[in-house]
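Peer 1: Got a structure here, written out as structure tokens. Questions coming.
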Amino acid sequence: MQQTESLNIDLEVDEEDVPFEEEILRNAYSVKHWLRYIDHKKKAPRYGVNIVYERALKELPGSYKIWYNYLKTRRKQVRGRCITDAVFEEVNNAFERSLVFMHKMPRIWMDYCTFMTMQCKITRTRQIFDRALRALPITQHHRIWPLYLDFLQSFNIPETAVRVYRRYLKLFPENAEEYIEYLTSVDRLDEAAQQLASVVDNENFVSKHGKSNHQLWNELCELISKNPDKVHSLNVDAIIRGGLRRYTDQLGHLWNSLADYYVRSGLFERARDIYEEAIQTVTTVRDFSQVFDAYAQFEELNLKKWMEEASENPSEDTDVNIEIRFARFEYLMERRLLLLNSVLLRQNPHNVPEWHKRVKLFEGKPTEIIKTFTEAVQTVQPRLAVGKIHTLWVEFAKFYEANGQIEDARVVMEKATQVDYVKVDNLASVWCEWAEMEIRQENFDEALAIMHRATAMPKKRAAYHDEKEPVQMRVYKSLKVWSMYADLEESFGTYKSCKAVYDRIIDLRICTPQIIINFGMFLEEHNYFEEAFRAYEKGIALFKWPYVYDIWNTYLTKFLQRYDGSKLERARDLFEQCLEFCPPEFAKCFYLLYAKLEEEHGLARNAMAVYERGTGGVEASEQAAMFNIYIKKAAEIYGLPRTRQIYEKAIEVLPEESAREMCQRFAEMETKLGEVDRARAIYAHCSQMCDPRVTMDFWNAWKEFEVRHGNEDTMREMLRIRRSVQATYNTQVNMMAAQMTSSAVGGTVADLAPGAKDGMRMLEAKAIEMNAEGAKSNGVSTAAGSNIMFVRGETQGLPQGEKVVNPDEIDIGEESEEEEEGDEDGEEVNIPIQQKSIPAKVFGGLQKGRRRGGRELNLCMLSVSNKILPFLQLLFFFNFL
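Below, the structure written as structure tokens:
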């Protein structure tokens, strides 16, 4: 009761509050009991709850929890009321009383500042924010500043905001971008430019928005260039030029910003000077394009402005200004290619092609061309040159020559020969161009003297490929110079001087096969044939295959043209020497040339020997063609019978494709000669390399041959050989053999035919069993004691007496059925055989001795039949097995 009396407040205590009052009396300093009592009074009127809070704070003024809940409750009570209501001031007083004890609590300050911001009392709110910053430690300021900055941005108080932001940046300088954005929004661009300049100068600054230093530079340049009337504190020209020195790879935008600043300032002439300076200093095509486009747009807008003014107020001065600006615009557009070329040369002043382009741009301006050439030859360094530097000197001299200043051209060429080139070929080209210039001026002696100087032996000899030595010491071994010298001597010199040049080239061992050939042809033109042949022989001694091919070909051709067959032994020695080390890919033409020589001037047997050597001395791909030539020549000289041995060798040596073609030609030849048995034997031999599934042409040819010249037995033999060959090429036969082998190895001897003693008999017995089983399942009947199986076709559903068509049967004539019936009765089968007379080509050039040739033909046929018959017997034996 003493506590209630001390409050001097009439308390209306309900019966429900009595227990809580008793607890408070017993525990007046317990925060828990006060909070329980307050929670009980939540539904009570506002006045009742506040009285309980006040009583609690009277007893516990340092309780943060009670103060925080009390202030929160008071703010809820004023929610929705007008900010001019007196209740707001009561809440403010409550905050002020709380801060007496809670001035170190940032949450209380934050709630108070937020509450004051709602009341729109700017000065008082600013003072409260300042009090909060002074009262709280610096480690808690980051909780107050965001509310403070939001308060400043909520009201139009730029001066206050600027001063507060300056204080803020002293603590948080990394947030300078926020200040710059605010200054830009309130149109304080001078202050924004100063802050942005300080940010750009700070190398340690890291943008919160992820912007690079270059992007910040561009923003600064854009800001100060577009607002020249609002930015007064900065030296715009110095700032932008500082960016130009720092960012040399992206200059176009900065130059345009600087020019735009002067344009907006009304200093048009100064802007034009900036554009001119920019296009004369940029080093990339992109920057040049940006600056040039902006410059052209500036001139066009300036011209348009003057034309509009002239239309409104025409005067003589206005017309003159229009003409001046129009001339400026035209001059700018005309210079575009030249300015672009200057950009590329600034990128790399040693770019020779760009210097040539620059000279072409000055076409029609001799003074400028001379200045350009002079600057080019002084600027380009041979070690760094891109392109051929000697072309600059050559074109410089040609320019003087074209203008009739031949002495100046000679001076330029003389200086060009003293340049320290990287490659000998550059200096050699200079000497050759100088000689050609003298030839164009018809100073032939001077041209020869120049080439003599170029090829003169230096006092100190150096290896041609020794790059440590200057090119002037190595040019005497340049083939380009010597070739030019030789051509000049041929055209304007004497025989002795030209021969001396060629001899010197050979002595220096720098000649090529073409030089040797040219030397030989030069000697032939002057009727020194033996000298020419000696020159060819020198070239043969210098070079190896395949480089010596052209020399041998020219040498042999010229030798045969010169001596024909008068020096046969010497020609034979040359051919033998050539063919001794000749590779197969180059030997064909030499064998044919050699054989032709023997045919025309030597012996026929020697020619045949050369052809025979040629069939083995050429490449595999050319052997067939060589055999064809050999056969043709043999037939022309000795007749067709002599070609049999060649055919046999060709069939033995050539690969299968060429051998098949050779066999068919061999068989056709024998057929023409009437040797049917020989032709059949050849077909039988060739059949072993002809798969019926692939080479149908061969089998059709054999079939046609048998139809014309054979009988029923030979036709059946041909069909049997075809089935045998087809089985050999069939992959199923191989699989069956593998299956038979595995089953034979896995079984026992008792399972096989009785009396099988070795592996081969075991396999044969097993094969017989498998054939018998297959015959039962497939309807195949076998004759007793015969290895020939007859396939029974499907006859179900056929009329009685109708024959079953065998797809493998070959129709050999309309009367074949009658002939078969006669054969069954034991009568003879007579098949008409076409007979032809022996052609005249059989005897070749031996028609006079026809009887002797006939006997030789019979002997040859007998010898071939003796050779082929054992082969046929062996072939039939294997087929029988």
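Be aware that the sequence shown starts at 134, since it is given in my numbering, and climbs by one per residue.
Don't be surprised by glycine CBs; every beta carbon is placed ideally from N, CA and C.
It should be emphasised that the depicted structure is a prediction, and the values quoted were computed from it without experimental measurement.
1. Taking only three categories from DSSP, how would you classify N346?
2. Please list, in chain order, all residues of the same chain as T847 whose beta carbon is under 6 Å from its beta carbon, the five residues on each side excluded.
3. Buried or exposed: T272, going by 16 or more other Cβ atoms within 10 Å of its Cβ?
4. Report the residue ranges of all alpha helix (DSSP H) runs contained in full by the stretch 576-620; include only those spanning at least 4 residues, in chain order.
5. Quick check on the DSSP output: the alpha helix (DSSP H) that includes E324 runs from which residue to which?
6. Let me confirm a value: H275 is counted as buried when at least 16 other C-beta atoms fall within 10 Å, else exposed. Which label applies?
7. Whole angstroms is fine: what's the gap from D636's alpha carbon to Y771's?
8. Would you list the residues sitting across from V519 in a DSSP beta bridge?
9. CB-CB under 6 Å to L269, same chain, minus the five flanking residues each way: which ones, in chain order?
10. Below 8 Å, can you find three or more Cβ-Cβ pairs linking the stretch 641-653 to the stretch 615-630?
11. DSSP three-state label for S196, please.
12. Residues in the same chain with beta-carbon distance under 8 Å from K766, minus the five sequence neighbours each way, listed in chain order, please.
13. For W167, which of helix, strand or coil comes out of DSSP?
14. Taking the alpha helix (DSSP H) that F652 belongs to, which residues open and close that run?
15. Work out the CA separation of E713 and L725 for me, nearest whole Å.
16. Provide the residue span of the alpha helix (DSSP H) that contains F125, from first to last.
17. Out of L434, P447, M822, L473, which has the shortest C-alpha to C-alpha gap to L459?
18. Where H347 and S358 are concerned, what is the direct C-alpha to C-alpha distance, given to the nearest angstrom?
19. Given that a residue counts as buried once 16 or more other Cβ atoms are within 10 Å of its Cβ, and exposed if not, what is T500?
20. Considering only the beta carbon of each residue, do F506 and F529 sit closer than 7 Å?
21. Can you grab the Cα-Cα spacing for the pair D683 / G735, in whole Å?
22. Taking the alpha carbon of P717 as the point to measure from, which residue in G698, G747, T250 has its own alpha carbon closest?
23. Report all residues from its chain with a CB closer than 7 Å to the CB of H173; omit the five preceding and five following residues, and keep chain order.
24. Please determine, among V319, G626, S196, the residue with the shortest C-alpha to C-alpha distance to S287.
25. Hey, Y408 and P361: beta-carbon distance below 7 Å or not?
26. Can you tell which of G807, Y315, E307, S611 has its C-alpha closest to the C-alpha of S331?
27. Thinking C-alpha only, which one of Y669, R586, G213, A404 is nearest E547?
28. Counting C-beta neighbours from all protein chains within 10 Å, is the total for E149 16 or more, i.e. buried, or is it exposed?
29. Is N446 helix, strand or coil by DSSP?
30. Just the Cα atoms here: how many angstroms apart are R299 and L316?
31. Going by Cα to Cα distance, which pick from W685, E790, Y780, L356 is closest to A753?
32. Who are the near neighbours of K490 in its chain, counting only those whose CB is closer than 7 Å to its CB and skipping five residues on each side?
33. Using only the alpha-carbon positions, how far apart do K531 and Y554 sit?
34. By DSSP, does S366 sit in helix, in strand, or in coil?
35. Please state the DSSP three-state secondary structure of C819.
Peer 2: Per the coordinate set shown:
1. On the sequence shown, position 213 is the one that residue 346 refers to. Correct three-state label for N346: helix.
2. Within the sequence shown, numbered from 1, the residue matching residue 847 stands at position 714. Hits under 6 Å: E839.
3. To locate residue 272, count along the sequence shown from 1; it is residue 139. Looking at its Cβ environment, which holds fewer than 16 other Cβ atoms inside 10 Å, T272 is exposed.
4. 577-587
5. Numbered from its first residue, the sequence shown carries residue 324 at position 191. Looking at the DSSP string, the run of the alpha helix (DSSP H) that includes E324 is 322-334.
6. Within the sequence shown, residue 275 is the residue found at index 142, counting from 1. So H275 counts as exposed.
7. For the purposes of this step, residue 636 is identified with residue 503 of the sequence shown, where counting begins at 1. For the purposes of this step, residue 771 is identified with residue 638 of the sequence shown, where counting begins at 1. For D636 and Y771, the distance between alpha carbons rounds to 49 Å.
8. In the sequence shown, counting from the first residue as 1, residue 519 sits at position 386. Its beta-bridge partners are N484.
9. On the sequence shown, position 136 is the one that residue 269 refers to. If we look at L269 and ignore the five residues flanking it on each side, its Cβ neighbours are P239.
10. yes
11. Stepping through the sequence shown from its first residue, residue 196 is reached at position 63. Coil.
12. Locating residue 766 in the sequence shown gives position 633, where the first residue counts as 1. Excluding positions up to five away in sequence, the list reads A728, E732, A740, M741, Y744.
13. One-based indexing of the sequence shown puts residue 167 at position 34. Helix at W167.
14. Translated into the one-based positions of the sequence shown, residue 652 becomes position 519. Unbroken alpha helix (DSSP H) run through F652: 646-658.
15. By 1-based counting over the sequence shown, the position of residue 725 is 592. By 1-based counting over the sequence shown, the position of residue 713 is 580. So the two alpha carbons sit approximately 15 Å from each other.
16. Outside the shown range of the chain, which is 134 to 1014, sits residue 125, and nothing can be said about it.
17. Along the sequence shown, read from residue 1 onward, the residue named residue 459 stands at position 326. The question names Leu, but residue 459 is Phe in the sequence shown. The option with the nearest alpha carbon to F459 is L434.
18. Within the sequence shown, residue 347 is the residue found at index 214, counting from 1. Within the sequence shown, residue 358 is the residue found at index 225, counting from 1. Cα to Cα, H347 sits roughly 16 Å from S358.
19. Counting from 1 along the sequence shown, the entry for residue 500 is found at position 367. Flag for T500 reads exposed.
20. The sequence position of residue 506 within the sequence shown is 373, counting from 1. The sequence position of residue 529 within the sequence shown is 396, counting from 1. Yes.
21. One-based indexing of the sequence shown puts residue 683 at position 550. One-based indexing of the sequence shown puts residue 735 at position 602. One C-alpha to the other measures close to 25 Å.
22. As a position in the sequence shown, residue 717 is number 584, starting the count at 1. That would be G747, whose Cα lies nearest to the Cα of P717.
23. In the sequence shown, residue 173 corresponds to position 40, counting from 1. Once the five neighbours on either side are set aside, the close Cβ partners of H173 are F153.
24. Along the sequence shown, read from residue 1 onward, the residue named residue 287 stands at position 154. Ranking V319, G626, S196 by Cα distance to S287 puts V319 first.
25. As a working note, residue 408 is residue 275 in the sequence shown. As a working note, residue 361 is residue 228 in the sequence shown. Cβ atoms of Y408 and P361: not closer than 7 Å.
26. The sequence position of residue 331 within the sequence shown is 198, counting from 1. Measuring from the Cα of S331, the nearest candidate turns out to be E307.
27. Looking up residue 547 in the sequence shown gives position 414. It is R586.
28. Taking the first residue of the sequence shown as position 1, residue 149 is located at position 16. E149 comes out exposed.
29. Within the sequence shown, numbered from 1, the residue matching residue 446 stands at position 313. Three-state result, N446: coil.
30. On the sequence shown, residue 299 is found 166 positions in, with the first residue counted as 1. On the sequence shown, residue 316 is found 183 positions in, with the first residue counted as 1. Their backbone Cα atoms lie some 12 Å apart in a straight line.
31. Along the sequence shown, read from residue 1 onward, the residue named residue 753 stands at position 620. That would be E790, whose Cα lies nearest to the Cα of A753.
32. Sequence index remark: in the sequence shown, residue 490 carries index 357 (1-based). Taken in chain order, the residues that qualify are N474.
33. Locating residue 531 in the sequence shown gives position 398, where the first residue counts as 1. Locating residue 554 in the sequence shown gives position 421, where the first residue counts as 1. Approximately 20 Å, taken between the alpha carbons.
34. Numbered from its first residue, the sequence shown carries residue 366 at position 233. S366 falls in the coil class under three-state DSSP.
35. Here the question's residue 819 lines up with position 686 in the sequence shown. Three-state DSSP puts C819 in a helix.
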